[in-house]
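So the sequence lines, in the order shown, correspond to chains A and B. So in the working numbering, the last spot in the first sequence is 373, and the numbers never skip. So in the working numbering, the last spot in the second sequence is 373, and the numbers never skip. For each residue, glycine too, the CB sits at the ideal point set by N, CA and C. Worksheet: the structure to be examined is printed underneath.
Number of protein chains: 2
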Amino acid sequence: MTIRSERLTSAVPPGSAAPVSTCAVAVDVALLTVLDGRLKLLLVEPDAPQLAGHWALPGRRVRDDESLDDTAHRALAELAGVRAPDAHLEQLRTYGDPSRDPRGRVVSVAYLALTPTTHDPTDPLTAQLWDVEQLGTQDGPRLAYDHDRIVPDALERARSKLEYTSLAAAFVADVFTLGELRRVYEAVWGVSLDPANFRRKVVSARGFVTEAEGLASPGPGGGRPAKRYRRGPATRLHPAMLRP
Amino acid sequence: MTIRSERLTSAVPPGSAAPVSTCAVAVDVALLTVLDGRLKLLLVEPDAPQLAGHWALPGRRVRDDESLDDTAHRALAELAGVRAPDAHLEQLRTYGDPSRDPRGRVVSVAYLALTPTTHDPTDPLTAQLWDVEQLGTQDGPRLAYDHDRIVPDALERARSKLEYTSLAAAFVADVFTLGELRRVYEAVWGVSLDPANFRRKVVSARGFVTEAEGLASPGPGGGRPAKRYRRGPATRLHPAMLRP
DNA sequence: TCCGGTTTTCGTCATCCTGACCGTAACCGG
DNA sequence: CCGGTTACGGTCAGGATGACGAAAACCGGA
């Protein structure tokens, strides 16, 4: 921290090869949600003409008086129509390779956002939900910048945090059934879980869920009505819900 | 990502309240090591006159052609005398509150570094190892900037990663005994562990350690000579080493 | 009304992991 | 030789896990 009292917005004299300068700082958000039992990622079409046909994570430049969390919330609101209390938001990682943006040095602070499947996915203008299974394939979108490096990190973070935190509850509504919660785990992990064992582990994890009143109506295919639950006070799970 | 093609080092016209500008980007490194069975954090004295009496994490500004990892390595080399292959280095989190640095907007990418206790701790000029137990107390150092927010995050990251990764091996030498590895866990977690159970868990975790040749000499207090081990190929531990 | 299909919920059982504990092996210093 | 210390190995009870079975409670169609 040997920063002198130079002003941050000071211009670099033309032609000088200053070893230390300032960078553009942006925030990119990887928003995940579960729709129809499948994990989805929200992507937007950048308006830069040289990136036509590519898709990108919704991102915004950081403003002078804005914290990084505020920028992430603003990116979600402006580009995806997601308001702050509807989403879980946490910082993921910062990407700052000098060549990651062809237009110049941009340091990007990536965020991970998780939303329940409550709002209509077609409300944003240019945003679209993509199935994460398609992402690597030729059916999937071509990602701009280094976002093909950010997305796997976001997926791994989400998959890992479902194991030892109560983060899966961020994917479901305020009141939910254990079947809905199980389908979240199955969609994020890409596996199928035994319903009986899943129930036992969730109920035995202290503070994960608390029983709510009433029963949920079965789906169109029938089935026994399920008990309703709410999130419990715990954030870390003891014992953990480990992937198979 | 609506960044236009404006140059990143373009000067902001004086007096204009531009909502988007560039930031100074720095890297601060929280280096942890275990010395005499206690977890230590490396701090330096900033040379800024208004911060006399304060201690800070070693940090450097990011240069134009430098990746964030490179900056972290440079900060360790220049401020702590630690060369790259001697330390495990991973990104921790980015701190970007507008008021975190009183001299202006500085976005800091924090790194976590772990080193074995092999090099002499008195070689850097102004760097010093502090016992992490002293950090919150009045015997401890006064931390500059928002480094009192970074340090707890670094400690929690290290404590957590010891559970489900083989990161504890970064604290010991290339060849080590299970007693040395156990003292790492005890120092980082601040607990005392049963030697017999610890041995069983480490050996049964596939790929954590592999047996080396020869026996280690006992300490001055005696004791049976211990077998020597090396790091195994695993990075994730199965099963995990959970905190008591 | 009856029946197959579906989902939820509960119970059983063998297996594995964990913590607590004991005993032995092998070294040190006095 | 003997007490202290550390390393190593085994036992045992309790908890968690996966595989599996079965009952409860709903749906739709025959």
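Exercise for the section: Using a threshold of 8 Å, state whether the C-beta atoms of L241(A) and A283(A) are closer than that. Expected result: In the first sequence, residue 241(A) corresponds to position 112, counting from 1. In the first sequence, residue 283(A) corresponds to position 154, counting from 1. Yes, Cβ-Cβ distance for L241(A) and A283(A) is below 8 Å.
Strand pairing of T151(B), partner residues [DSSP]: Walking along the second sequence from the start, residue 151(B) turns up at place 22. Note: T151(B) sits in a beta bridge opposite A153(A).
Return the chain-ordered list of same chain residues with a C-beta closer than 6 Å to the C-beta of T200(B), the five sequence neighbours on each side being excluded. In the second sequence, the residue the question calls residue 200(B) occupies position 71. Close CB contacts of T200(B) within its chain, under the 6 Å cut and outside five residues either way in sequence, are with V156, R189, V191 (chain order).
Whose C-beta lies closer than 6 Å to the C-beta of V163(B) among residues of the same chain, with five residues either side of it excluded?
Within the second sequence, residue 163(B) is the residue found at index 34, counting from 1. Excluding sequence neighbours, V163(B) sits near T246, F300, V313, A316.
Does D226(A) come within less than 8 Å of chain B when only Cβ atoms are used?
-> Start at 1 with the first residue of the first sequence, and residue 226(A) comes out as number 97. Among the CB atoms of chain B, one or more fall inside 8 Å of the CB of D226(A).
* Asked: Which residues in the same chain have their Cβ closer than 8 Å to the Cβ of Y293(B), if we skip the five residues on either side of it in sequence?
  -> By 1-based counting over the second sequence, the position of residue 293(B) is 164. Excluding the 5 residues flanking it on each side, Y293(B) has same chain C-beta neighbours closer than 8 Å at R365, L366, A369, M370, in chain order.
Notebook entry, point to check: Going along chain A, which residues have a C-beta under 7 Å from A201(B)?
Noted result: Within the second sequence, numbered from 1, the residue matching residue 201(B) stands at position 72. Within 7 Å Cβ-Cβ: nothing; A201(B) doesn't reach chain A, min ~11 Å.
Name, please, each residue of chain B whose Cβ falls closer than 8 Å to the Cβ of R278(A). Indexing the first sequence from 1 puts residue 278(A) at position 149. By Cβ distance, chain B contributes nothing, its closest Cβ being about 13 Å from R278(A), past 8 Å.
Separation of R372(B) from V338(B), as counted between CA atoms
The count along the second sequence starts at 1 and reaches residue 338(B) at position 209. The count along the second sequence starts at 1 and reaches residue 372(B) at position 243. Rounded to whole angstroms, V338(B) to R372(B) spans 19 Å at the Cα level.
**C-alpha distance - L243(A) paired with L218(A), whole-angstrom precision** = Residue mapping note: residue 243(A) aligns to position 114 of the first sequence, counting from 1. Residue mapping note: residue 218(A) aligns to position 89 of the first sequence, counting from 1. About 7 Å.
Q | Residues bridged to W259(A) [DSSP beta-bridge criterion] | A | Translated into the one-based positions of the first sequence, residue 259(A) becomes position 130. According to DSSP, W259(A) bridges with L170(A).
When DSSP labels each residue in this structure, what does L208(A) get in the three-state scheme?
As a working note, residue 208(A) is residue 79 in the first sequence. Residue state, collapsed to three classes: helix.
Fill in: Under 7 Å from the C-beta of T223(B): neighbouring residues of chain A
Here residue 223(B) is taken as the residue at index 94 of the second sequence, counted from 1. Going along chain A in sequence order, the residues near T223(B) (Cβ under 7 Å) are L197, Q220, T223, V238.
* To do: Can you pull the chain B residues whose beta carbon is under 9 Å from the beta carbon of V163(A), in chain order?
  => On the first sequence, position 34 is the one that residue 163(A) refers to. None at all; the shortest Cβ gap to chain B is about 25 Å.
Neighbour-count burial assignment, D194(B), 16 or more Cβ in a 10 Å radius: Indexing the second sequence from 1 puts residue 194(B) at position 65. Around the CB of D194(B), fewer than 16 other CB atoms lie within 10 Å, so the residue is classed as exposed.
Checklist entry - Residues bridged to T294(B) by DSSP? => result On the second sequence, residue 294(B) is found 165 positions in, with the first residue counted as 1. The bridge partners DSSP lists for T294(B) are R365(B).
Compute the distance between the beta-carbons of W259(B) and L172(B), then report whether it is under 8 Å. Against the second sequence, residue 259(B) aligns to sequence position 130. Against the second sequence, residue 172(B) aligns to sequence position 43. Pairing W259(B) with L172(B) gives a Cβ-Cβ distance under 8 Å.
- P362(A) to V211(B), Cα distance in whole Å? Here residue 362(A) refers to the residue found at position 233 of the first sequence. Here residue 211(B) refers to the residue found at position 82 of the second sequence. Looking at the backbone, the Cα of P362(A) and that of V211(B) are separated by about 43 Å.
Next on the checklist: Three or more C-beta pairs under 8 Å: does that hold for the region 256-274 of chain A against the region 260-275 of chain B?
Outcome noted: Contact between the region 256-274 of chain A and the region 260-275 of chain B is absent, because fewer than three Cβ pairs lie under 8 Å.
Practice item. Indicate the three-state DSSP secondary structure (helix, strand or coil) for V280(B) in the structure shown. Key: Position 151 of the second sequence, counted from the start, is the residue given in the question as residue 280(B). If DSSP states are grouped into helix, strand and coil, V280(B) belongs with the helices.
Tell me the rounded alpha-carbon separation between L208(A) and D277(A). Position 79 of the first sequence, counted from the first residue, corresponds to residue 208(A). Position 148 of the first sequence, counted from the first residue, corresponds to residue 277(A). Distance between the alpha carbons of L208(A) and D277(A): 19 Å.
Open item on the list: Quick check: what's the CA-CA separation for A239(B) versus D226(A)?
Closed with: The residue labelled residue 239(B) in the question sits at position 110 within the second sequence. The residue labelled residue 226(A) in the question sits at position 97 within the first sequence. About 15 Å.
Quick check: is the beta carbon of S333(A) nearer than 8 Å to any beta carbon in chain B? In the first sequence, the residue the question calls residue 333(A) occupies position 204. The beta-carbon of S333(A) is placed no less than 8 Å from the nearest beta-carbon of chain B.
- Could you check which residue in T306(A), L160(A), L307(A), R353(A) has the C-alpha nearest to that of A216(A)? Counted from its first residue, the first sequence places residue 216(A) at position 87. Of T306(A), L160(A), L307(A), R353(A), the residue nearest in Cα terms is L160(A).
Three-state secondary structure assigned by DSSP to F337(A):
Looking up residue 337(A) in the first sequence gives position 208. In the structure shown, F337(A) adopts coil according to DSSP, grouped into three states.
Whose CA, out of N326(A), Y358(A), Y224(A), Q257(A), lies closest to the CA of G343(A)? Against the first sequence, residue 343(A) aligns to sequence position 214. Distance check between G343(A) and each of N326(A), Y358(A), Y224(A), Q257(A) places Y358(A) closest, using alpha-carbon atoms only.
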